[in-house]
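Numbering (the UniProt record's numbering), first residue to last: 1 to 832. Virtual Cβ for every residue (Gly too), placed ideally from N, Cα, C. Note that this is a predicted model, so its numbers are computed, not measured.
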Ligand code: ADP
């Protein structure tokens, strides 16, 4: 999972780049500090120079007085002996003074030389200015390059900061230039003084004043030298930091060029392969190419055949026909080792997400695609889905007809890529407008809506002539696929696939009066039997039961939950699961480590990783500010909770956790919403109660961006579920360095191991758990967590770092799915 095969730089590379930028920032900050000090010195010099100037003015006045006296004496009576005497003394003084003036002149020449040095410095500054401008233009070019790689907001923020720093630096250089100008002024005035001295033919000038002048000149000279060397060292520092900045920029540009080169050459992103795949399917559905050609081309896509890639890239932007012809020329028979897998589901993250199911579809899909399988997703085209999360969304020039309630209905087929996966969106042209209801679930006719969708999805696969190896359906909404496939489509010769059904939550089984099964073309009489689709405890029909009976593989989302559902956790299906136990297993879900990655997460104020937890503290501070929480004590523990507020999630324990956190002196942030009006109202009451409390905040809505910020900001994360098939939030929390406090049930039991449990190896202990679903159990786990957090900060830090490095990626789980798929396909081929 170290590799982001989407649109940008790898995480590692990005971390390097961010590191380089941080170094540059530090250097520029150092430079600025040195510069500020130098500016202070320069100001002092300026002040002293002004004082000197005042003295010079006094001298000038006295000089004119002396001049006048001299005139008087030369016009006066020469025989006046005291005056003559004074004149003689003055003459002597004059000679001494001339010598002094000579000395003064040489000093002025030396000052002029210093001036020359300053001129040189100024020239260097001009050169640096020019190189700064060049860097800026290279920087803009680099920006343009980066833009091509897609938005990376946090990264750009850093780049913008760098730009600001550069601007400040340029301003300071200008300030230095102003000081140099002052020096020029001073020099001019000294020149004037010299000229007036000569003109006045000084006769009387006090030695002490000359001394004073000399001392001041010396002082000025020293100051010049100090300023000079200060400027030199600053310029060296400046040059050094510019070289570093230059290097960083060059590396960034190099990276970006390399990346864009990779994207269009050897390592074309899966997004583009998905586009090619959708292109081929579109041609087939539109009957522009034959089934066999489409199969061969799909196989080439799966194998990432470079000829296909080159043809696609070279014909991009030209007529579709040209691309198609060049593809067809390459369609050669071949054998396949990878599988063709089609997921039919009601959710997919981030385009249509309600809960964990959505994360599984994209996470598992991407992991299987990375393993070399051809993966496709079929979803309903909801009016409320996040269309901005779909690339290249377009409607195909074909209508797929599907059966429902005795009629055939047209379906518009949309294609696009989501997270690099090819996705089909089915838009039924049915008067009931099944998926234009502004919500995903919760409609009075949900059973009908999804029975329709299951049928239309299979119809799409059938009509596209695909030879799919695995059709993977999920939860009751697409459970109809299993009986439909074997009872309807296999009879039509569409039987190459094996069916895998995953139940993400046995709480929801999709039951209805038996007759409703006929809507999608299933035979009620044939299926309304205790060993087929009839519900085990009442006379209705049960969609999940049908999928268990009719699928080749049945899975659920964690090993512990797979055990639990074999008893009362099965919500009435335990006996069915026991009967079909040989094909039933629990595979722990993973999380999408590209989406959930604190070191690249664009929603975060500051990205961070296990080695650098300062960013985590910054996110905590940012969330506190955002939610108007007290921020006086950075180390005050923050407890997070992100959940659907339903009975399964232990709503009474969540409520208790809020009060317990307040009692323990922590802060609590809840992000959640409830489809159950009473629960929603209850939590609105709690939210109101705490509205003026600056330690508790309840945000009762669905907000993906905020969820990322809460994971990053929290120190602890509460999941007190009554039952939890897998649960993703505890894994996401750990990846963001938030230590989970969970009830030991289902997937929580398979992913969180108590920190104080000495029967468990230390290296796997990663959180705090409790067994009984009561307030006492939760309180004691919370107390232990708070205790560790406040009393042993070093131990806590190590725990946080350990949690952040646990591998929760889909890699291992996807391998398990790959294994069971392959076994099912091999069995099918063996009997064929
Ligand atoms: P379930 O599927 O039972 O809802 P999971 O733990 O498997 O629970 O998955 C929950 C997913 O939904 C996580 O990705 C979580 O971050 C997200 N989620 C839950 N509630 C919210 C919310 N109010 N706002 C944003 N994301 C949420």
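Cβ neighbours of residue 752 within its own chain (closer than 7 Å, five residues either side excluded): 730, 740, 742, 766, 767 and 769. For the ligand ADP, no non-hydrogen atom lies closer than 7 Å to the CB of residue 452.
Nearest neighbour of residue 118 by Cα position, chosen from 223, 105 and 23, turns out to be 223. In the displayed model, residue 56 falls within a helix according to three-state DSSP.
Not one heavy atom of the ligand ADP sits closer than 7 Å to the Cβ of residue 500. According to the DSSP assignment, residue 568 belongs to no alpha helix (DSSP H), since it is labelled neither H nor E. For residue 648, the CB contacts under 7 Å within the same chain, skipping 5 residues up- and downstream, are 507, 721, 722 and 723 in chain order. Using a cutoff of 7 Å, the CB of residue 440 does not count as near the ligand ADP, since none of the ligand's heavy atoms is closer than that. Here the stretch 361-370 does not lie against the stretch 387-405, with fewer than 3 beta-carbon pairs under 8 Å apart. Shown here, residue 92 sits in a helix according to DSSP, grouped into three states.
Not one heavy atom of the ligand ADP is found less than 7 Å from the C-beta of residue 270.
Looking at the DSSP output, residue 673 shares a beta bridge with 644. Look at residue 701: its beta carbon is less than 7 Å from one of the heavy atoms in the ligand ADP. Under a 10 Å Cβ-count criterion, residue 103 is classified as exposed, with fewer than 16 other Cβ atoms of the shown protein chains found around its own Cβ. Counting of Cβ neighbours within 10 angstroms places residue 535 among the buried residues, the total reaching 16 or more.
Around the beta carbon of residue 448, 16 or more other beta carbons sit within 10 angstroms, so the residue counts as buried. Put simply, the backbone Cα of residue 611 is about 56 Å away from that of residue 540. DSSP places residue 472 inside the beta strand (DSSP E), whose first and last residues are 470-474. Note on geometry: alpha-carbon atoms of residue 494 and residue 417 lie some 26 Å from one another. Relative to the ligand ADP, the beta carbon of residue 729 is positioned inside 7 Å of a heavy atom. Spatial neighbours of residue 700 in its own chain (CB-CB distance under 7 Å, excluding positions within 5 residues in sequence) are listed in chain order as 672, 673, 680, 683, 684 and 687. Annotation for residue 738 indicates a beta carbon at 7 Å or more from all heavy atoms of the ligand ADP. Just measuring C-alpha positions, the residue of 734, 430 and 567 sitting nearest residue 402 is 430. The ligand ADP never approaches residue 641 closely enough for any of its heavy atoms to be under 7 Å from the residue's Cβ. In this structure, residue 462 and residue 471 do not form a Cβ contact; the two beta carbons are roughly 11 Å apart against a cut-off of 8 Å. Counting the other CB atoms within 10 Å of its CB gives residue 314 a total below 16, which places it among the exposed residues. Judged by DSSP secondary structure, residue 423 falls within the beta strand (DSSP E) whose first and last residues are 421-428. Comparing alpha carbon positions, the residue from 192, 300, 669 and 252 closest to residue 329 is 300.
By the neighbour-count definition (other C-beta atoms within 10 Å, threshold 16), residue 127 is an exposed residue. Here the alpha carbons of residue 164 and residue 133 stand approximately 14 Å from one another.
If you draw a straight line from the Cα of residue 545 to the Cα of residue 797, it is about 47 Å long. A contact between stretches requires three or more CB pairs, one per stretch, nearer than 8 Å, and the stretch 564-571 fails this requirement with the stretch 591-608.
Inter-segment contact for the stretch 384-391 and the stretch 615-629 is absent: fewer than three beta-carbon pairs are separated by less than 8 Å. Under a 10 Å Cβ-count criterion, residue 757 is classified as exposed, with fewer than 16 other Cβ atoms of the shown protein chains found around its own Cβ. Comparing alpha carbon positions, the residue from 32, 23 and 51 closest to residue 168 is 32.
Within the chosen limit of 7 Å, the ligand ADP does not reach the beta carbon of residue 784 with any heavy atom.
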